[in-house]
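Just so you know, the protein sequences line up as chains G and V, in that order. Each residue of the first sequence is one higher than the one before, starting from 63 at the first, in this note's numbering. Each residue of the second sequence is one higher than the one before, starting from 2 at the first, in this note's numbering. A quick write-up on the structure given underneath.
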Amino acid sequence: MDLSLFVWRQQAPDVQGEMVAYSAKGISEDMSFLEMLDVVNEGLISNGEVPIAFDHDCREGICGTCSQVINGVPHGPMERTTVCQLHMRNFKDGDTIFIEPLRAKAFPILKDLIVDRGALDRIIQEGGYISVHTGGVPDANSVLISRKDAETAMDASECIGCGACVAACPNGSAMLFTASKVSHLAALPQGKIEADQRVRSMTNAMKKEQFGNCSNHYECNAVCPKGVKISFIAKLNREFIKSMISGDSSD
Amino acid sequence: MINGKCPPGPLEEKWEKHKDGLMLVNPANKRRYRIIVVGAGLAGASAASTLGELGYNVEAFCFQDSPRRGHSIAAQGGINAAKNYPNDGDSIFRLFYDTIKGGDFRSREANVYRLASISNNIIDQCVAQGVPFARDYAGYLDNRSFGGAQVSRTFYARGQTGQQLLIGAYSALSRQIKSGTVRFFPRTEMLDLVVVDGSAKGIIYRDLVSGKIASRAADAVCLCTGGYANVYFLSTNAMGSNVTAAFRAYKRGALFANPCYTQIHPTCVPVTGDHQSKLTLMSESLRNDGRVWVPVVKGDERLPRDISEDERDYFLERRYPGFGNLTPRDIASRAAKDACDKGYGVGPGGRGVFLDFAEAIGRLGEAEVRRRYGNLFDMYQKITGEDAYERPMRIYPAPHYTMGGLWVDYNLESNIKGLFVLGEANFSDHGANRLGASALMQGLADGYFIIPYTIADHLARIKPGVVSTDHEAFVGSVKETNERVEKLLSINGKRSVTDYHRDLGAIMWDLVGMERSEDGLNEAIKKIRALRNEFWDNVKITGEPDELNQELEKAGRVADFLEFGELMALDALERKESCGGHFRSEYQTVDGEALRDDSNYAHVSAWEYKGTDKRPFLHSEPLEFENVDLVMRSYK
């Protein structure tokens, strides 16, 4: 199939970018979306042009590196599918496709489709862990965890940190991302001990990093390639309120 | 003669006694020592966080944009441990024995026993960190079986075990970054190792955003930079996975051990065309419930459901009744290739075999199969457009893991003092073939529980901060690295980096892949040299050195693969036996199994760099077996 592409090109963070038209010819339906871009890039290189820069690594939908907005939707048209797992059989010959970076105040563009998502790491650094040192821990079966709680923790922990939720949100909120980590750890007995402090400091970090508040549009859940549930945001809010009532709020 | 420095004494006491003899660094002195950790997969993240917790001054680097993305994240099936929770006869000795046998008796007894004995601590640690392993209805941890074992000892988190373990290690690392013990440098790539008077003293790296070549000095360097399966171009590795850091260390004098030991994984989604950029693994855990078969009649193009039971050859069950579909990877891969080579393959080009779940769905119900493997079935559907609940998957072997790596002694220290190598990047624990669910175990064992002890023994013997980046070794190396970048960009030829990588991959797959021969290996060496020469004359890289330039990144990695591929072929040529993943067509039994030569090849081959286009020098470390008999591996 042959496609018309419009791709965001931006040479560096402080340079004005623009949408540039390209054509992708002879694309097979078995290709992934990124393999289609590989073909376009090989053509650019052979013409002596600079290829389109885009983030990608595992190409099997788990590392969370790939991050593109396709026709206005982070990760494109298929539900629960990262860009790298999106295959060209979902497009038609003659389609026009618009490709942009994840856009959010907290994600500055580095080049073309590549953004800096370091703000998400900094949220995790503010408490997205259980404060345990290596060694000196009890036997793994000494603390029993109900299957239900383990499954809830796993549901929340499926987040791959891609940032699509932020780009989809009209407010550029990182609530779903933060909620997934807070909910993962709050579901487990090992994580409950620090739950109050964790939710407060991670929420503060979100604000500090210039993410907006939840806009209740649920766009985050709609684009999440792992289907992280919106109910975790409600859980985040409950944990936050609980921490204000019962916790030590001195910090 | 190189010495692995395995401690003497009974197997089960070696590590405990060895630890007691290692020197310690006083708590107040630890912060004065700087340790560089390169790579942020399981080995790197666990090492950096644990060393940070101990109070060392850690600087950690990775080429990804975040330390949560190393390719350990893609490990699906699970992690082994000898907990014996199912009461099915497991023990540390059995895990040790299965692992050393699985590796076809080409690894050190002492290392493998230590790995097995640490395995239980890893599970405890991960549960304490909040890793949501699968549990039964009473709240206890669940286990499943994996290839090469007759017990259920694999702990798992759906089909995303690697992801969950890495997020655990990343969480611990994030805590140390916050506390200031670890300084993290994302989007950086190590391009050289700095060695001063025989000791590793720092690294040269490229800031992948600004393009600037910079350096950091340290008192020890830990390479946790993964494996080199991308030498085959198509592999299950991430696109960025590369040999560069390890190969640069090799060029600075570190020995490279057993480079020909590569693992071809049996259950991957088959190739669809020339556009293919990578291959996707379907977890080995699928072989618990999936049955592998091909039609009895060559070129049978009927739908699989129209082929009756007596028209199917369940070739693994037939050839290896003892282990059936759960034979080790090297054996399952070769059997699949054998079936396809003989014309029984299915799908495009006959390069595939069926992995069928119909029996499991009948026995367990679709809901249970979905619970166990749902994400893998979803992934399969996205790639192929086929529903594996309705029709069998098609699978074919693909390069996956590399058992070879930088040579290390029992302390995980290379022959260069102060250079430690962890995880897949080292050669130590898997011999000639790695069993499923053992890579996660090894990466975390090295990072959480071995390096914290052994690195202290190195640091306690040296003064901290003696060498700075003003040293001529740093200045010289920065200059050389800049010159190499300029050289790559100046060639301005006709063919792209990916073109060369694809060509190299074809040579490696055909001639240094699942089956190797003397003639083929000699031909490979000739072809790789010619391709390398052409690359340095005719590669075309656009863009500038001082900007984010992904083609330039790729070019540096492919340039190293073009040298490294030759070393693999040379090692395969020198090892005149078949063992594990290294199968030489000249050395096989009458029924086509690998034929080892224990009297001549029960050793580690460790190569010393002598200059580009010069033959490297082969060192050999004998492997001594005091606790196991070297038997012919049988899974029948």
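Every residue, glycine too, gets a C-beta built ideally from N, C-alpha and C.
| Check | Outcome |
| --- | --- |
| Sufficient close CB pairs (3 or more, under 8 Å) joining the region 193-202 of chain G to the region 145-161 of chain G | no |
| Cutoff 7 Å: V/I74 Cβ touching any chain G Cβ | yes |
| Burial state of V/Y233, where buried means 16 or more other Cβ atoms lie within 10 Å | buried |
| contact_flag[the region 5-15 of chain V, the region 106-124 of chain V] where n(CB pairs < 8 Å) is 3 or more | yes |
| Residue closest to G/D117, alpha-carbon to alpha-carbon, out of V/E552, V/T470 and V/Q589 | V/E552 |
| Close Cβ partners of V/C269 (< 8 Å) along its chain, the five nearest in sequence each way excluded | T237, L280, T281, L282, M283, I396, Y397, P398, A399 and H401 |
| Close beta carbons around V/L678, own chain, < 6 Å, minus the five adjacent residues each side | Given that chain V is displayed from residue 2 to residue 637, the structure contains no residue 678 of chain V and the question cannot be resolved. |
| Outcome for V/S180 when other beta-carbon atoms lying within 10 angstroms are tallied against a minimum of 16 | exposed |
| Selected residue, minimal CA-CA separation from V/G79, among V/L55, V/F97, V/P133 and V/D105 | V/P133 |
| Beta-carbon separation (whole angstroms), G/I132 vs G/V145, contact threshold 8 Å | 7 Å |
| Length of the line joining the Cα atoms of V/K18 and V/P8 | 8 Å |
| Contact set for V/Y321: own chain, Cβ-Cβ below 6 Å, skip 5 residues either direction | T328, Y636 and K637 |
| V/T226, DSSP secondary structure in three states | coil |
| Three CB pairs or more closer than 8 Å across the region 289-301 of chain V and the region 350-370 of chain V | yes |
| 7 Å Cβ cutoff, V/Q130 in contact with chain G | yes |
| Neighbourhood of G/F160 by C-beta distance below 6 Å, restricted to the same chain and skipping five residues each side | F68 and N133 |
| Whether V/Q164 touches V/I74 by CB criterion (7 Å) | yes |
| Same chain, Cβ closer than 8 Å to G/S328, five either side skipped, listed in chain order | Residue 328 of chain G lies beyond the residue range present for chain G, which begins at 63 and ends at 313; the question has no answer from this structure. |
| CB of G/H137 within 7 Å of CB of G/P232, strictly | no |
| G/H195 - DSSP class collapsed to helix/strand/coil | coil |
| For V/D520, the nearest candidate out of V/G346, V/A556 and V/S586 (CA to CA) | V/S586 |
| Neighbour flag for G/K173 against chain V, beta carbons, 7 Å | yes |
| Same chain only: Cβ atoms within 7 Å of V/W16, ignoring 5 sequence neighbours per side | R115 and S118 |
| Inter-residue CB distance, V/L512 and V/L505 (contact presumed, cutoff 8 Å) | Not a contact, Cβ separation roughly 11 Å. |
| Whole-Å CB distance - V/Y602 paired with V/V559, under 8 Å assumed | Incorrect: roughly 31 Å between the Cβ atoms, too far for contact. |
| Where V/K179 meets chain G, residues with beta-carbon distance less than 8 Å | Q187 and E188 |
| Residue nearest to G/H279 in terms of C-alpha spacing, selected from G/I295, G/S242 and G/M264 | G/I295 |
| Nearest-angstrom Cβ-Cβ length linking V/D89 and V/S50, presumed shorter than 8 Å | Going by Cβ atoms, the distance from V/D89 to V/S50 rounds to 33 Å, so no, they are not a contact pair. |
| Proximal residues to G/S305 (C-beta, below 8 Å), its chain only, five neighbours per side dropped | A257, D258, Q259, V261, R262 and S311 |
| Cβ-based neighbour list, V/K577, same chain, cut-off 6 Å, excluding 5 preceding and 5 following | none |
| Backbone secondary structure at V/M633 - three-state DSSP | coil |
| Those residues which DSSP pairs with V/W608 across a bridge | V/F257 and V/L619 |
| Cα-Cα separation between V/V629 and V/G104, rounded to whole angstroms | 13 Å |
| Status (buried if at least 16 other CB within 10 Å, exposed otherwise) for V/T613 | exposed |
| Chain V contact for G/V77 (CB, 7 Å cutoff) | no |
| Bounding residues of the alpha helix (DSSP H) (the contiguous stretch that carries V/E575) | Q551 to E575 |
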